[in-house]
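The opening position of the sequence shown corresponds to residue 204 in my numbering, with each subsequent residue numbered one higher.
Here's the structure, in structure tokens; my notes come after.
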Amino acid sequence: MKKYLLELTVFISGLIVMIFEIVGSRVFGPYFGTSTFVWTTLIGVVLGSLSIGYYFGGKIADKEATFKKMSLILLMSGFCIGIMIFIKDGLLSVLQDHVKNINSALIVGGIILFSPTSIFLGMVSPYAAKLRIKNLSTSGADIGRLYALSTCGSIVGTFLAGFYLIPFFGTNTLLSLLAIVVIIFSIVLFYEREKFLLLLLFCGVFWFVSENNIKTVGKNFVDVDTRYNRVWIYDEQYEQNKKQFEIRKMGINNENHSAMLLMSDQLVNEYTKYYHLSRHFHPHFRKSLIFGGAGYSFPKDYLKVYPHATIDVVEIDPGVTELAKKYFSLKENSRMNIYHEDGRVFLNKNIEKYDVIFGDAFGSRYAVPYHMTTVEAVQKMYDTLYDNGVVIVNLISSVDGKNDFLRAEYYTYKKIFPQVYLFRVQNQNERHLQNIMLVALKSQKIPQFTSEDKKIDEFLKNRWSEELIEDVPILTDDYAPVEYYMRKVL
204 MKKYLLELTV
214 FISGLIVMIF
224 EIVGSRVFGP
234 YFGTSTFVWT
244 TLIGVVLGSL
254 SIGYYFGGKI
264 ADKEATFKKM
274 SLILLMSGFC
284 IGIMIFIKDG
294 LLSVLQDHVK
304 NINSALIVGG
314 IILFSPTSIF
324 LGMVSPYAAK
334 LRIKNLSTSG
344 ADIGRLYALS
354 TCGSIVGTFL
364 AGFYLIPFFG
374 TNTLLSLLAI
384 VVIIFSIVLF
394 YEREKFLLLL
404 LFCGVFWFVS
414 ENNIKTVGKN
424 FVDVDTRYNR
434 VWIYDEQYEQ
444 NKKQFEIRKM
454 GINNENHSAM
464 LLMSDQLVNE
474 YTKYYHLSRH
484 FHPHFRKSLI
494 FGGAGYSFPK
504 DYLKVYPHAT
514 IDVVEIDPGV
524 TELAKKYFSL
534 KENSRMNIYH
544 EDGRVFLNKN
554 IEKYDVIFGD
564 AFGSRYAVPY
574 HMTTVEAVQK
584 MYDTLYDNGV
594 VIVNLISSVD
604 GKNDFLRAEY
614 YTYKKIFPQV
624 YLFRVQNQNE
634 RHLQNIMLVA
644 LKSQKIPQFT
654 SEDKKIDEFL
664 KNRWSEELIE
674 DVPILTDDYA
684 PVEYYMRKVL
């Protein structure tokens, strides 16, 4: 094994780099989502830092290359990961609260958290190459082999992180594991004792595998990484009509996606109540579809309020559904089917027809699934509806001011549906970010905007009657800059 210790080291360093980069999306997720901006920052910072590491690793190796000095480089990268674990939440929380420009916040956070480790890991390959070269006649082959092994490590790390490590270990445990693995290899390089490597590696893996993936912090807080998201579940006090209630919330990437009263089955989030406009615009509906499950608050309410109707739920994350079963009283029901797949994929292959489609997949301010906003997706929804069908979608925007996303989405729906209406949920300042319900009707018949149902009548009074300026292009699969539009209002 000693003969191939350098090869193993560069393989591991390449593996660690990619796992570290991919888990970075879970580090940023609770504060800035997992949008294109987050991935752009991670990729740019890590690549830039690796370049710096390659340069200085080669310079240092030319002066004097020894195994003990390379072990120090690995040791420093492990310590940097450890420090990053302790400061990441505090730093990102401060950046989220005090840096208004999301790009600036991401770049500053990315450099502080990910650059030091990436620089040290970048130094490993050129340093190892210097140690491996024995004569000039084979130097090209030696260097090529080491860099190939480093890249192979990165490939393995990519698949391991995405398919297994993140959903199994979670963010903090996985980062700790990376730090321990790197430190173990630094010790081995220093002492050159392979048995010591195997013993420490076995102990480290055994300890982490024995850890429970779901971490409970305190009595009422759960922090878990699923295959797709970082999810927080917690209880807090809720005041309504001067009365205190205890509610349970589900935060996905630090944004509230669901809430449930612990002592009642009433809906908590006001926008979910607006989905009941469906019975005003389509009084005789029997079959509905909803994109986005999270804590399944509305699907549960739907089954209770409409005993004659069925609902299909499309929730991409099976881990979220399992958490809803455990913490949000979700139970199997013969009138509810759950599909764990991407909403657009479901639409593309769906052959069923529905009376109503509810959209609850756009609740994030940072990471809107653009492929569900485009004219092609809206056309699929139109085709999925019966003749009198209705679409009701929750959007996050202001109704005036910097509302490019709302205007683009509104006119995208207008391109396909004969009637499209907007309803303000909070009924607050037009320039404030808020929930806005978009209602699209397949029917040509103009509806009434009053109701004998007092609650529904209140919702109808919040209709936004002013015409939106048509100065942005409709959203298409080819061009849908929804994250850029959303960034303007943050």
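By construction, the Cβ of each residue, glycine as well, lies at the ideal position given by its N, Cα and C atoms.
query	result
If you drop the 5 nearest sequence neighbours on each side, which residues of the same chain put their C-beta closer than 7 Å to that of G365?	I225
If you pair each beta-carbon of the region 581 to 591 with each one of the region 613 to 620, do three or more pairs fall below 8 Å?	yes
Whole angstroms are fine: how far does the CA of L641 sit from the CA of D660?	17 Å
What first and last residue would you give for the beta strand (DSSP E) that runs through K490?	490 to 494
Since V213 and V327 should fall inside the 8 Å C-beta cutoff, what is the C-beta to C-beta distance between them, to a whole number of angstroms?	6 Å
Between I677 and the ligand FMN, is there a pair consisting of the residue's CB and a ligand heavy atom that are separated by less than 7 Å?	Although the ligand FMN was asked about, the structure shown includes no ligands whatsoever.
What residues in its chain sit with their C-beta under 7 Å from that of V420, if we drop five residues either side in the sequence?	Its pLDDT being 46, under 50, V420 is placed unreliably by the model, and the measurement read from it follows with that caveat. The answer, listed in chain order, is D426.
Taking all protein chains shown into account, do 16 or more other C-beta atoms lie within 10 angstroms of the C-beta of Q637, making it buried, or fewer, making it exposed?	buried
So for F565, helix, strand or coil by DSSP?	coil
Can you name the start and end residues of the alpha helix (DSSP H) that R610 belongs to?	607 to 619
For the beta strand (DSSP E) that contains E449, what are its first and last residues?	446 to 455
With a Cβ-Cβ cutoff of 8 Å, do L218 and G373 count as a contact?	no
Does the beta-carbon of V412 have 16 or more other beta-carbons within 10 angstroms, so that it is buried, or is it exposed?	Note that V412 scores 48 on pLDDT, short of 50, meaning its location in the model is unreliable; the coordinates nonetheless yield the value given after this. So V412 counts as exposed.
Based on Cα-Cα distance, which residue from H574, Y557, A611 lies nearest to K588?	The residue asked about is misnamed: residue 588 is Leu in this sequence, not Lys. Residue Y557 is the option with its Cα nearest to L588.
Rounded to whole angstroms, what is the Cα-Cα separation between V548 and M575?	10 Å
Which residues bound the beta strand (DSSP E) around L625?	622 to 627
Considering only C-alpha positions, which residue in the set S537, L349, F484 is nearest to L211?	L349
Which partner residues does Y542 have in the DSSP bridge list?	V517
On the three-state DSSP scale, how would you describe R547?	helix
In whole angstroms, what is the alpha-carbon distance linking E414 and D656?	Below a pLDDT of 50, predicted positions are generally treated as unreliable, and E414, at 45, falls in that range; no measurement from the model is reported.
Using a threshold of 8 Å, state whether the C-beta atoms of L506 and I493 are closer than that.	no
What is the DSSP secondary structure of G498, counted as helix, strand or coil?	coil
Please confirm whether I288 and L209 have their CB atoms less than 8 Å apart.	no
Using a Cβ-Cβ cutoff of less than 7 Å, which residues in the same chain neighbour T244 once the five nearest sequence positions on both sides are dropped?	L309, I310, G313
Just list the alpha helix (DSSP H) runs in the region 459 to 487, keeping only unbroken ones of 4 residues or longer that don't cross its boundaries, in chain order.	473 to 476, 481 to 484
Taking only three categories from DSSP, how would you classify L588?	strand
Going by DSSP, name the residue or residues bridged to W435.	D426, G454
Contact between the region 476 to 487 and the region 249 to 264 is defined here as three or more beta-carbon pairs at a separation below 8 Å; is this criterion met?	no
Take I519 and list the residues in its own chain whose beta-carbon comes closer than 8 Å to its own, dropping the five residues that flank it on each side.	Y431, H543, E544, D545, G546
Are T429 and P486 closer than 8 Å when you measure CB to CB?	no
Report yes if the C-beta distance between A710 and M453 is below 8 Å; otherwise report no.	A query on residue 710 cannot be resolved here, the shown segment of the chain reaching from 204 to 693 and no further.
Taking 6 Å as the limit between beta carbons, can you name the residues of its chain near Y573, skipping five residues before and five after?	A683, V685
Just how far apart, CA to CA, sit I215 and K529?	37 Å
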